[in-house]
Structure formats: structure tokens, C-alpha cells
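Per our numbering, the very first residue in the sequence shown carries number 17; after that it's consecutive.
For every residue, glycine included, the Cβ atom is placed at its ideal position computed from N, Cα and C.
In this text the structure is predicted, and so the values were computed from the model without any measurement.
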Amino acid sequence: MELEAIPGVGSKTAAALSELDDPERALETGDVAELASAPGITEGRAAAIARGAVRRRHDDPGGFLATDRAKEIYRDALGLLKARTVTSYGEKRLETLYPSGVASRVEEAREFTESALERTPDPEVLDALADVEPLSPPRDVSVRDRCLATTDAERYSEAKEAMPELSVEVVEDARDLADLARGYSTVVALDEEFAGVAVEGDVRVEPDALDRPAEVVPERVLAFYAANRECLQAAARVHRAADIDPPLDLDALEETLARVDSEGTVVGDEELDRLSRAVDDLDAAVSTAESVANDALREAIEEQDVTVEGSDLLSLVEQGAGVDSLLSRELSDEYAAAVEQAREELIDSLDLDTGEAEVARRAFPEEPTFPVERDEEVVSRLRDDLQAAKDRRAASRKRELAADLADRREDAEKLVRTALELDVELAVERFAEDFDCVMPEFVGDDAAESSDSGFEIVGGRSPLLDVEFAAVEPVDYDVSGVALLSGVNSGGKTSTLDLVALVAILAHMGLPVPAESVRIERFGELHYHAKTQGTLDAGAFESTLREFAGLATGGRSSGGGSASRADGSGGADRLVLVDELESITEPGASAKIIAGILEELRGRDVTGVFVSHLAAEIREMADYDVPVDGIEAKGLENGELVVNRSPVKNHLARSTPELIVEKLAGDSDGEFYDRLLEKF
17 MELEAIPGVG SKTAAALSEL DDPERALETG DVAELASAPG ITEGRAAAIA RGAVRRRHDD
77 PGGFLATDRA KEIYRDALGL LKARTVTSYG EKRLETLYPS GVASRVEEAR EFTESALERT
137 PDPEVLDALA DVEPLSPPRD VSVRDRCLAT TDAERYSEAK EAMPELSVEV VEDARDLADL
197 ARGYSTVVAL DEEFAGVAVE GDVRVEPDAL DRPAEVVPER VLAFYAANRE CLQAAARVHR
257 AADIDPPLDL DALEETLARV DSEGTVVGDE ELDRLSRAVD DLDAAVSTAE SVANDALREA
317 IEEQDVTVEG SDLLSLVEQG AGVDSLLSRE LSDEYAAAVE QAREELIDSL DLDTGEAEVA
377 RRAFPEEPTF PVERDEEVVS RLRDDLQAAK DRRAASRKRE LAADLADRRE DAEKLVRTAL
437 ELDVELAVER FAEDFDCVMP EFVGDDAAES SDSGFEIVGG RSPLLDVEFA AVEPVDYDVS
497 GVALLSGVNS GGKTSTLDLV ALVAILAHMG LPVPAESVRI ERFGELHYHA KTQGTLDAGA
557 FESTLREFAG LATGGRSSGG GSASRADGSG GADRLVLVDE LESITEPGAS AKIIAGILEE
617 LRGRDVTGVF VSHLAAEIRE MADYDVPVDG IEAKGLENGE LVVNRSPVKN HLARSTPELI
677 VEKLAGDSDG EFYDRLLEKF
């Protein structure tokens, strides 16, 4: 894939994306988390890049949302979906869904949606998803207990690049290897010439070591799992709770993960734990053993009745003998017993094995002395032996663990991706369930069908209204061609436009829509002009007219796109929604301008709804019989309008003032209100 061919991807971004392990897969699947792991790419930017990749794949020119108000409705709809995700990934991944006029893109999204609607948002699944997040890159690993050795400068450079976690040393001969072995627990010689050379220490001749990184540097493998341990465990719980077939054995994965902690240290190995405790507790254990020996010897001395003849004492003094000689002569058995207690105390407290115990016994000398003291040289030897055994055991277990995990990384990544994608699917399903949605039916793609198909909404309810969704009154509305929508103030005209826009956007995103049923034409653009606050200045007014001129002549709108229809006819039907266009200029000119615009749009590839309080005046000004629909108020109750929210076809709705005058005329015997009513 040529990265710079993706809309919005320049040379710098392409270079950053190329550093990913598999940028094509990330772009193909819309993996926002993976794209965001590229240098300098934020999650928001990653979502935009993923959308660009989708557009390129479907040859989508973009620009479906042709106006600011259309974009606002899209953002509101997206917000409703995002609110139903559990993970931050799900929020960003939803941003790769966008409305399109290209049939292949919409159908691809619909396939995803139909799969999502089969999901069940079980609370246990949602709870497990809370701990799933995109996989983190492992921390940098530095291994100090082993090194690589070679005589070749080129091999040295290759080793430095292949295994940056290890020190790489240049040696000339076996003597150099022996020197290295004194400073490292393990030395891996990369040259065949060292085979058979006897060197004290753990020196291995492995010419193919660079081809086996998991064995030589198991920390590299473990670092990935350590960094993502909790996430992988959560993803496993998601698969179990959602009853999804996992890409690997979950029991085996969890069992293996239980053997490595968040620092990449092997845990759960009894022998390694024993050696670690022995190393950590050695000094304290030796001190305790000394105390045991001295307490026992002191007690023996205190209980012993020792008589020394004068000639013997004189002889001892002349020989320079001290208390040690007395101990040796008079208390040798008691000293031996005390030292034996010290040895057993040291061996038992550190849980030493036979070989280690043999060294530990020499920590307390046979020759009597008081107080009893350790042999520091022997204790140091014991410490080195225990540390070496611990390092060997840890290295061995790391290699075993890394061997178990090395080949599972790809499947582990898939495990997490599947869980994260499930969050996206469940958000769509929850959206559909919360707002009683159905999948819309697209019409008009077939050449046998009328191209002037528009839309038909049955039982539509907008979740964008500032009321509880359950309290929203359903709306039925259908339009073919361009129609005027009349109605009383606060009767729901703008809400109806919002509903139509929302349905169109969701349908073209390939998502379910909040209605009992929807049939809709495949549009190339959505133009939604919200009601302006006050009269526009001359420049803004001119700009608005230019946009409508573009719609009338079939050209591309500013910033908009034009998508060919699926049947190859090249049509680029637009959905145009306009809320009280009369507010852009003086009331006297508004009806004329709107009538002229409707005349120009007539017969074009446009489906439109123009909300206006000047419907009667516009119809009089137009050179054809403009369809007028009306949101009819049934009357007033306690000063409040009672409205039928579904527009009535071919009906000019009465205005609020007319309803008020009618009510007053009915409540009064005077002719004043009757005469006012006649004016309507």
C-alpha cells in the first residue's frame, strides 16, 4: 500500500506509519490504537488516517456532510455511540465510521453493523472490557548478567543491532573469554572457533544465537507480556464471558501469565523462591546462627566446674595460650555441640540443599574460639554459590517461559484486538437497543426504481431532543422531490429536520436508525442549513445564494463531495434541509428568493425539505404547484399547543396566531375576533 496515496497522509506521516510492524493491517482494519503508536501520531490523527484509508479503498471523494449543521448532527450522533463504549479505544475506533454516498463503503459498514446487532451486552462482558486497553510497547530491557562475545568486527555490529539488550564484547582468544566469564554469569560466544575450548564459568559457544533471540534474551519476550499482563488477562475474561472462540488456549495463556509479574520477573517457582530467600536472608541467618552457638557455649561455660592445676596454668601461660586452649582442653565437646547447633540453624533457616549445606557447614570453624565467629570467606563463597544458582534457575525458567510465549504473541495481539473490537460492536448494539433502532432500507439504486425516491420515515424518534427518549413522540414523514414544511411555532419543524438529518447520516454510516422503519435514497451529500440568528449581511447573503446556485446547477458545493450512484448512472443526489431561509433577508424578498430556489431545484437530483412560515406566499410566487406539508396543531389546552408531530401531506398548517384568534373567537360573543379570523 502506498501510504502517501491515503488522503491526508504526507511524507512525514507516511514515514512514521512505516515504522509500525504491519501498517497495512492497521489501516485495513481501522486499528486506531496501532496507528496511534506510530511516532508523533495522536489518537485523533490516527482516526482521521484510518478514515482516509477507508475512503481510498472505496474511491470515496468524501464531503457527504456539506454544511456545518450537518457536521454538528454527525458529531451528536457519534457522541451517542461513544457514550456506549467501555474502552477509550472504542471511542476512537467509532470515529472511523462516517457517512458516505458510496455504496460499497456503506455496505461494508452495514455488514459490520449486522454482525454487531447479534451481540449481547452482558454485564459480565462489559465489566471485563473495562480492563482491556490497547497493548503497550514493552519497556526497554537491559540485561547485565550475560553478554555476547565475538572476534569479528562485522559480527560485533550485527550482534549489537540484533540484541541491543545485551553487552557485546570483542575478544581475541580463550583467555579473553575467561576474563569475561569472571564478570558475567553467562557468556555466549558467537564464533565456531571457540567450540571445545575449556573455560571456567558458564561459557556457551552458539554461532546461531542471533537467530534465537527468545532463548538468548528471553527478557525481550517476557517484557511484552509483563507490560500487558493485566490487559491480556482481561481480554481472556472477555472471550469467556462473551463465548467468543479465542485464537489461543486461554487456560494455557493464563497459566503462563501467572508465572511472570508486571516487572518481567518469573514467579511461582518454588526452587527460585527458595534461592531468592536464601540470598536475601543469608547475612541475617549467619548472625542468628552465631548467636545460637554463642548462647549455647556461654551456657555450657556457666554450668561447667573447671579446675586448673597451678602447674597446668603456668604451662598454658608460658606457652602463650588463652581461652581458646582452655576451651579446647576442657570444653571441646560442648564447643563442638554449639557449633553444630549453629550449622544446623543456618542450614535449616535458609532451607539449603545438600551441596549448599556442605559449604554452609564450613562457615563455622572446627577450632574452638569464643565468641564463635563466622568465616567471612566461606560466607562469601556461599553467597556467590547461592546467587549463581539463583541466576541459573531464573535464566532457565525465563527461557522456558519465553519459549512458551514467543510463538503466541501474534495470537495474543489478536485476542486483545478482538476484545477491543467487541466493545465497538457492543456500543452499536446498545445504541440500537436504547433507541429502538432498525436497519434502514436503501431504495433507488436499481435503474428500475424511480430516481426520485427521497425518504420515508415511519415512527421516527430523535434521541437528540432534550427530553427522555421514552417521552419522544414518534414522527411519520416522507418526501420525494422538494417540499415546504409549514407549522406552528414550537410544533416540531426543526426537530423534524434534525430527525431527517440524523436518519440520513446514520443510514449512510451503515448504522441502524431510530425508527420503526426507514426507506431512503442513497444520497451523495447532505446540506442542512440551520436557521440564522438575525438578517445576514450582504457578504453572507451572497455566499448563501452561491451555495444554492451550486445545488441548482449540479456542481460541487464548497467543501462537499459528489458520489456516483451504485448503478453507475453518475447521479449525485443531494438531501437538502433548510430551516426558515426567510431569516437571511428582509421578509418581503424572502418569499421571492425561496420560490426561485425551489423552481431551480425542481427536477434536479435533489430531495429537500424547506421549513418556512411563508409557505402560502412562496407557493403563490412559484411558477409551479409547490408541495406543502404541515405540522398541524389540534388546538390549545391550558395555554399549551396540542400538536400532531407527524407532518400532514399536502396541507398548509395553521399558524400559532390563527389558533389563538380562533380560540378567542370561540370563547367570546364579540365580532372583533371573528373579523380577525376572517383575515386568515
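Spatial neighbours of residue i within its chain, please: CB distance less than 8 Å, with the 5 preceding and 5 following residues excluded, ordered by chain position.
i, result
"residue 409", "285, 287, 288, 291"
"residue 35", "54, 55"
"residue 25", "19, 33, 65, 68"
"residue 429", "151"
"residue 666", "643, 644, 645"
"residue 568", "613, 616, 617, 620"
For residue i, which option in the options has the closest C-alpha, if you only look at C-alpha atoms?
i, options, result
"residue 143", "396, 370, 438", "438"
"residue 364", "393, 623, 308, 95", "308"
"residue 377", "384, 385, 361, 386", "361"
"residue 480", "499, 515, 147", "515"
"residue 137", "499, 57, 258", "258"
"residue 86", "602, 568, 522, 354", "522"
"residue 452", "354, 612, 444", "444"
"residue 315", "246, 281, 386", "386"
"residue 590", "604, 619, 608, 598", "619"
"residue 404", "356, 218, 528", "218"
"residue 660", "537, 505, 538", "505"
"residue 436", "411, 536, 252, 569", "252"
"residue 406", "191, 293, 594", "293"
"residue 368", "295, 121, 266", "295"
Under 8 Å by Cβ, that's how I've got residue i and residue j pegged, so tell me the actual separation to the nearest angstrom.
i, j, result
"residue 454", "residue 533", "6 Å"
"residue 205", "residue 221", "5 Å"
"residue 243", "residue 155", "6 Å"
"residue 126", "residue 475", "Residue 126 to residue 475, Cβ: 21 Å. No contact."
"residue 241", "residue 421", "6 Å"
"residue 201", "residue 181", "In fact, because the Cβ distance is near 15 Å, the residues do not count as touching under 8 Å."
"residue 238", "residue 418", "6 Å"
"residue 703", "residue 313", "Any answer about residue 703 is impossible in this case: the structure gives the chain only from 17 up to 696."
"residue 302", "residue 395", "6 Å"
Run the CB neighbour count on residue i, radius 10 Å, all protein chains shown included, and call it buried at 16 or more, exposed below.
i, result
"residue 606", "buried"
"residue 306", "buried"
"residue 530", "buried"
"residue 477", "buried"
"residue 640", "exposed"
"residue 21", "exposed"
"residue 509", "buried"
"residue 112", "buried"
"residue 380", "buried"
"residue 662", "buried"
"residue 198", "exposed"
"residue 628", "buried"
"residue 50", "buried"
"residue 465", "Confidence at residue 465 is low in this model, with a pLDDT of 48, below 50, so the placement of that residue should be treated as unreliable; the coordinate-derived value is given next. Its Cβ having fewer than 16 others within 10 Å, residue 465 is exposed."
"residue 78", "buried"
"residue 117", "buried"
"residue 103", "buried"
"residue 486", "exposed"
"residue 595", "buried"
Who are the near neighbours of residue i in its chain, counting only those whose CB is closer than 6 Å to its CB and skipping five residues on each side?
i, result
"residue 255", "262"
"residue 643", "499"
"residue 442", "135, 137"
"residue 108", "48, 59, 63"
"residue 210", "221"
"residue 336", "Below a pLDDT of 50, predicted positions are generally treated as unreliable, and residue 336, at 45, falls in that range; no measurement from the model is reported."
"residue 194", "215"
"residue 610", "597, 634"
"residue 358", "305, 308, 309, 380"
Skipping 5 residues on each side, what residues in its chain have a beta carbon closer than 7 Å to that of residue i?
i, result
"residue 495", "470, 471, 623, 625"
"residue 90", "81, 115, 521"
"residue 274", "284"
"residue 27", "20"
"residue 557", "600, 601"
"residue 564", "613"
"residue 414", "234, 235, 238, 282"
"residue 176", "184"
Look up residue i in the DSSP assignment and give the residues it is bridged to.
i, result
"residue 647", "503"
"residue 163", "183, 203"
"residue 457", "535"
"residue 623", "591"
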